[in-house]
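A.B. asks:
In our numbering, the protein residues as written are 44 to 815.
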């Protein structure tokens, strides 16, 4: 039974009141057996220098200057352990460090993320899109890199795991990290420089369905004089893939049940992709805690895809549009990004300035030819060329001050501007299909934000956080037929608290009350259509073969939510936790397919557009258990167990009946894995299984989508050949299972269904790592 937000908030209020009463009867601050948690470890934000605390600690670990009446001790140790950082944070934060990132020797960051708590990956195994927290679709999860949002069009597939220092997962938003995080926030912290000299070289070779995938990376750390530290990481890769799928399309008469159309298309795509990723950091550290940092990044990848297909039509009132098809596509993706940070201390106040600029472009050319049975002369030639350029710049300022009464104040502002220009030409047999739209369309957005937050410790058992953020967004979309403008602003109050049952114990409870939102992407604002390739204009298409277009009139989607979690921290870095969440959504955005009269066709065509469809809610339970088996069974093998289970539920108000869920949200996901170090041998082995059950979504009263079961099983083994050389063997998706998706659209007279079966391959990989 769905529970209401009002009832949940009432329960949370009673819980907070009881904590307040207990706090009044507990020992005064500082008198307990344990000192209060250091606010520099309790920070919730992800600062520009690698997701550091939002308080006044600096990267060198030196504490802030003492305030009046307060005695402070300079601390020179490094950052706390992953478990300590998670435990001491007031807002829920999961930290994944280098050791866990390296275990499976993954070739890209997306493969790492699918094993983490509450994260799901869309699409077939190894072919997924952007990561999603709590099963929510694209745009609900905020992706940060070193505390800043990644540029539009950027994919984490382009970031090699060798370049990452750690990954931080925030289940609830904070004022500093931003409120565009209805599902949550993933912060990718890039590797930092160290004072010791280090050269880290990694060689890898993968094999998948007869295709080889080599890769190499080099990381160097060193110092220049006493004040300068630099870090450089370069990665080169080549990835060839062989993808195969079968698409089935059927149409039947609702009154008689007679089959009107039955088609099956078998396709094979051979892709070749290669690229380089380069990033670095140059940091200066002053004697008084001042520092400066420059972070350049460059990514370039090129690729080609050759696809062939065979279309078989067993039933149909008219002949099949073609018997075979072949297409050749080529593309170039290029991203350049540079960021700079300046940290200055003025007495008891620390200031941080961050600026960044980025430019990325994607050029793609695709030529498709369709042939009749036994013919070498094409029936139709479709030539689609696109050039997309995204530009962006941002300026952030933050001031923080640690007060004598255990308050840590942070305030700041942000300015961001993005622009997308798209030049696209679509020719059918040499004739433009979208001449009315012109070749150039664009969209722009400007964002202003200001925030303030206070984090404080009442006593060794209780700490709290309160923040307020204002954000204004101005968007402008050019459809080629006209310009649409939209302005909106959002106030987002945020509150977090954590209570330790015993200052010396390992149990604690968290409560978060937040407001967050999702803004339309520039791509969704551009309404220039993308035509269906099987049934193109100017003729008719079907509901399962719809065109796609944007909507310049989209409004932001707002969410009010609550999170309640209880945690128990174990020895050896283990944890047992249970988290319950609920989000109430307003102006929910989803793609709706409808029959429209369109300027690119003489007859009405089915078009899928994003639309605001009203209210919705989502809720769920997230369980996590990380422990050593000997913690519970004394004589058991020393196996480190990793497991997490998430169960989701949702409902869209405007859609009647069962399964009226949010788009692409599964009912749950399960990860179960273990690691074992073989006694007496330099050998580590481990395995992990990811299971996402199949589900059905009712999009409208007459439209349905279906996603089948997804199961991915990975295993690895590492051998320490000597103290500086490591051999790593990995098998991913070694129990192959077809990935099935489908859709159904019911009209007044017919039922149209589409089904796609993707045959997923096993990926084998061997790697050799040297530390010089």
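Every residue gets a Cβ at the ideal spot worked out from N, C-alpha and C, and that includes glycine.
#1: If contacts are defined as beta-carbon pairs under 8 Å, then residue 316 and residue 338 qualify, I think. What distance do you get, rounded to the angstrom?
#2: Report the residue from 535, 518 and 736 whose alpha carbon sits nearest the alpha carbon of residue 528.
#3: Helix, strand or coil: which one does DSSP assign to residue 585?
#4: Could you give the first and the last residue of the continuous beta strand (DSSP E) run that contains residue 662?
#5: Got a sec? Which residues, its chain only, sit under 6 Å from residue 408 by beta carbon, not counting five neighbours each side?
#6: Residue 303 and residue 8 - do their beta-carbons sit closer together than 8 Å?
#7: Count Cβ pairs between the stretch 347 to 357 and the stretch 378 to 393 that sit closer than 8 Å; are there 3 or more?
#8: Can you have a look at residue 580 and say buried or exposed, based on whether 16 or more other CB atoms are within 10 angstroms of its CB?
#9: Decide if residue 399 is buried, meaning its Cβ has at least 16 other Cβ atoms within 10 Å, or exposed.
#10: Quick one: give me the first and last residue of the alpha helix (DSSP H) that residue 155 is part of.
#11: Can you check DSSP and say which residues form a bridge with residue 184?
#12: Do you know how far the Cα of residue 375 is from the Cα of residue 318?
#13: To the nearest angstrom, how far is it from the Cα of residue 722 to the Cα of residue 229?
#14: By Cβ distance, which residues of its chain are closer than 7 Å to residue 570, with the 5 residues on each side in sequence left out?
#15: Apart from the five residues on each side of it in sequence, which residues of its chain come closer than 6 Å, Cβ to Cβ, to residue 218?
#16: Measure how close the beta-carbons of residue 128 and residue 138 come, nearest whole angstrom, since I'm counting them as under 8 Å.
#17: List in chain order: all unbroken alpha helix (DSSP H) runs of 4+ residues lying wholly within the stretch 522 to 572.
#18: I'd like to check one pair, residue 565 with residue 463: are the Cβ atoms closer than 8 Å?
#19: Considering only their Cβ atoms, is the gap separating residue 726 from residue 774 smaller than 8 Å?
#20: Take the Cβ of residue 450 as the centre, count every other Cβ of all protein chains shown within 10 Å, and call the residue buried at 16 or more, exposed below.
#21: Which class does residue 124 belong to by DSSP, given the choice of helix, strand or coil?
#22: Run through the stretch 197 to 276 for me and flag every whole alpha helix (DSSP H) of 4 or more residues, listed as ranges in chain order.
#23: Taking contact to mean at least 3 C-beta pairs separated by less than 8 Å, is the stretch 189 to 198 in contact with the stretch 618 to 638?
#24: Using a Cβ-Cβ cut-off of 7 Å (strictly less than) and excluding sequence neighbours within five positions of residue 267, which residues of its own chain qualify?
#25: If you count every other CB in all the chains shown that lies within 10 Å of the CB of residue 60, and 16 or more means buried, which is it?
#26: Could you please give the first and the last residue of the uninterrupted alpha helix (DSSP H) stretch that includes residue 142?
#27: What do you get for residue 539, buried or exposed, if any count of 16 or more other CB atoms within 10 angstroms of its CB means buried?
#28: So the candidates are 401, 779, 707 and 573; which of them puts its Cα closest to the Cα of residue 196?
#29: Buried or exposed for residue 647, please, with buried defined as at least 16 other CB atoms from any protein chain shown within 10 angstroms of its CB.
#30: Determine the extent of the beta strand (DSSP E) in which residue 298 is found, giving its start and end residues.
#31: If you measure between the beta carbons of residue 562 and residue 599, is that distance less than 8 Å?
#32: Just to confirm before moving on: does the CB-CB distance between residue 514 and residue 485 stay below 8 Å?
#33: Do residue 169 and residue 803 count as a contact pair if the criterion is CB distance below 8 Å?
#34: Start and end of the beta strand (DSSP E) containing residue 323?
#35: Using a threshold of 8 Å, state whether the C-beta atoms of residue 206 and residue 292 are closer than that.
#36: Within the continuous beta strand (DSSP E) that includes residue 5, where are the two ends?
C.D. replies: The structure says:
#1: Their Cβ separation, rounded to whole angstroms, is 26 Å, which puts residue 316 and residue 338 out of contact at 8 Å.
#2: 518
#3: DSSP places residue 585 in coil when its eight states are reduced to three.
#4: 659 to 671
#5: 373 and 428
#6: Beyond the ends of the chain as shown, which are 44 and 815, falls residue 8; an answer cannot be given.
#7: no
#8: buried
#9: buried
#10: 152 to 156
#11: Listed as beta-bridge partners of residue 184 by DSSP are 227.
#12: 10 Å
#13: Approximately 36 Å, taken between the alpha carbons.
#14: 520, 522, 592, 593, 594 and 595
#15: Result list for residue 218: 494, 496, 510, 512 and 537, in chain order.
#16: 5 Å
#17: 565 to 568
#18: yes
#19: no
#20: Around the beta carbon of residue 450, a 10 Å sphere encloses fewer than 16 other beta carbons of the protein chains shown; the residue is thus reported as exposed.
#21: coil
#22: none
#23: Under the Cβ criterion (8 Å, minimum of three pairs), the stretch 189 to 198 does not count as touching the stretch 618 to 638.
#24: 273
#25: Here the model assigns residue 60 a pLDDT of 36, short of 50, so the residue's position is not dependable and the matter cannot be decided.
#26: For residue 142, the enclosing alpha helix (DSSP H) begins and ends at 141 to 145.
#27: Counting Cβ neighbours within 10 Å, residue 539 comes out buried, since at least 16 surround it.
#28: 401
#29: The residue is exposed, with fewer than 16 neighbouring Cβ atoms inside 10 Å.
#30: Neither: residue 298 is in no beta strand (DSSP E) and is coded neither H nor E.
#31: yes
#32: Going by C-beta atoms, residue 514 is not nearer than 8 Å to residue 485.
#33: yes
#34: 302 to 328
#35: no
#36: Any property of residue 5 remains undetermined from this structure, which presents the chain solely from 44 to 815.
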